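First comes the structure, then the notes that go with it.
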Amino acid sequence: MLNGKNILITGGTGSFGRQCTKMLLECYSPKKLIIFSRDELKQFEMQQVFNQRCMRYFLGDVRDQNRLKRALEDIDIVIHAAALKQVPAAEYNPFECIKTNVLGAQNLIEACLDAGVQRVVALSTDKAAAPINLYGATKLCSDKLFVAANNIKGTRDIRFSVVRYGNVMGSRGSVVPFFLKQRETGVLPITDPEMTRFNISLQEGVEMVLWALENALGGEVFVPKIPSYRITDLATAIGPECEHKIVGIRPGEKIHEEMISASDSFNTVDLGRYYAILPAGAEYNMKNYCTRTGAQKVMPGFRYDSGSNEHFLGVEELRAMIDAYVQGK
6 MLNGKNILIT GGTGSFGRQC TKMLLECYSP KKLIIFSRDE LKQFEMQQVF NQRCMRYFLG
66 DVRDQNRLKR ALEDIDIVIH AAALKQVPAA EYNPFECIKT NVLGAQNLIE ACLDAGVQRV
126 VALSTDKAAA PINLYGATKL CSDKLFVAAN NIKGTRDIRF SVVRYGNVMG SRGSVVPFFL
186 KQRETGVLPI TDPEMTRFNI SLQEGVEMVL WALENALGGE VFVPKIPSYR ITDLATAIGP
246 ECEHKIVGIR PGEKIHEEMI SASDSFNTVD LGRYYAILPA GAEYNMKNYC TRTGAQKVMP
306 GFRYDSGSNE HFLGVEELRA MIDAYVQGK
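Heads up: the sequence shown begins at 6 in this note's numbering, then just goes up one per residue.
Spelled out as structure tokens, the structure:
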């Protein structure tokens, strides 16, 4: 369904947007691919790599609804990756984060409804499940807005859905590039030796979004089945000779990240490769959804967090992934 379509990616100059653009151009033939973001330098740098005839670069901010409406003219598909994502920055500048992550999400929803967009997939984060920091709370609110947007579409042929996944290895601001830089000092700061995190590659994240565009019925929050790692194993993989210095967790951090809470289990189904959290009171009920998709309802009380995950990456697996990341930079 992506061939011959007009596609727009908000926040398209970020790590996800660049990888998504690469895969869309390699695997599909979009009629038009618009990168919508607010940083002119990043757009210029991206344009040196991706300058195919179908490419367009729009300066704009999701806070500006009028600019969004202009950018969305004749667009069929929207991938929403724009967000303020740094936990400490969000704690210190809370309303700035709200203006982008919450008000910006609603601006995009309304502009998509007015423009005749057919499919919308919004990127979420594991921090949106049972959030304890402002960033996670804004993304949970954003998720709810996109899910509820299906209630007001009327007769429009549009579906809104969400993908929620954990840390992307090597993405800007993630722990891997930080540790790679810090190992030169001989000391790697460890927040807590018990800390775990989910792990997903950029390619897997993009594949999930493209799958959701093809398969979402509307209203789902899709969650991938991905491995976890222990922060101490990651440090060992990156700097085996480095000292581990315990520095304590930062405000708003969890020991283990969660993607599906026990409270979500009553609306969650297993799709095989992914889970889907369905909206309460959906236009299709659980039984109908499972019949249409082949999904299986999870057990009541089921939860999915990085600490109790069945699949953990070992030191050697992490080292191989990090080597591949460094070589691919």
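Beta carbons are placed, not taken as given, at the ideal position from N, Cα and C, and that holds for glycine. Quantities reported herein were computed from a predicted structural model and do not represent experimental measurements.
How would you call residue i, buried or exposed, if buried means at least 16 neighbouring beta carbons within 10 angstroms?
i                 : result
aspartate 79      : exposed
lysine 186        : exposed
asparagine 71     : exposed
phenylalanine 49  : exposed
histidine 316     : exposed
glutamate 246     : exposed
proline 136       : buried
methionine 6      : exposed
tyrosine 309      : buried
leucine 193       : buried
asparagine 138    : buried
threonine 26      : buried
asparagine 272    : buried
arginine 75       : exposed
phenylalanine 100 : exposed
Measuring CB to CB, does residue i end up less than 8 Å from residue j?
i                 : j              : result
arginine 61       : lysine 37      : yes
valine 126        : valine 168     : yes
phenylalanine 203 : isoleucine 243 : no
aspartate 269     : isoleucine 260 : no
lysine 144        : alanine 133    : yes
valine 274        : lysine 302     : yes
histidine 85      : leucine 64     : no
glycine 191       : proline 182    : no
leucine 318       : serine 20      : no
alanine 342       : glycine 109    : Residue numbering for the chain in the displayed model covers 6 to 334; residue 342 lies beyond these limits and cannot be assessed.
glutamine 123     : leucine 150    : no
glutamine 52      : leucine 30     : no
Rounded to whole angstroms, how far is the Cβ of residue i from the Cβ of residue j, which I believe are closer than 8 Å?
i              : j             : result
isoleucine 163 : cysteine 117  : 7 Å
leucine 73     : isoleucine 39 : About 11 Å; that fails the 8 Å criterion.
glycine 171    : aspartate 131 : 4 Å
tyrosine 280   : valine 214    : Going by Cβ atoms, the distance from tyrosine 280 to valine 214 rounds to 16 Å, so no, they are not a contact pair.
alanine 217    : serine 166    : 5 Å
valine 67      : threonine 15  : 6 Å
isoleucine 205 : valine 226    : About 16 Å separates the two Cβ atoms, so there is no contact after all.
leucine 276    : threonine 298 : 6 Å
With DSSP as the reference, identify every bridge partner of residue i, one or two as the case may be.
i              : result
histidine 85   : Thr15 and Ala127
valine 152     : DSSP lists no partner for valine 152.
threonine 190  : Threonine 190 pairs with nothing; no bridge assigned.
valine 173     : Ile205
leucine 38     : Ile12 and Met60
alanine 325    : Alanine 325 pairs with nothing; no bridge assigned.
serine 233     : Phe203 and Phe317
isoleucine 163 : DSSP, once it has assigned bridges, lists no residue as partnering isoleucine 163.
glutamine 301  : Asp275
histidine 261  : BP columns for histidine 261 are empty, so no partner.
Can you list, in chain order, the residues of its chain whose CB lies under 6 Å from that of residue i, leaving out five sequence neighbours each side?
i              : result
asparagine 8   : Tyr33 and Ser34
valine 152     : Gly224 and Pro284
methionine 28  : Val211
asparagine 314 : Ser233
alanine 267    : Gly306 and Arg308
asparagine 11  : Lys36, Lys37, Asp79, Ile80 and Asp81
serine 311     : Thr201, Arg202, Phe203, Ser233, His261 and Glu262
leucine 77     : Ala116 and Ala120
In chain order, what residues of the same chain have a beta carbon less than 8 Å from the beta carbon of residue i, not counting five sequence neighbours either side?
i              : result
isoleucine 195 : Ile236, Thr237, Ala240, His249, Lys250, Ile251 and Val252
arginine 255   : Val92, Pro93 and Thr196
aspartate 44   : Thr18
In chain order, what residues of the same chain lie with their CB nearer than 7 Å to the CB of residue i, ignoring the 5 residues before and after it?
i              : result
arginine 188   : Ile243, Gly244 and Cys247
leucine 323    : Tyr234, Asp238, Leu239 and Ala242
glutamate 219  : Met6
asparagine 106 : Ala88, Leu89, Thr143, Lys144 and Ser147
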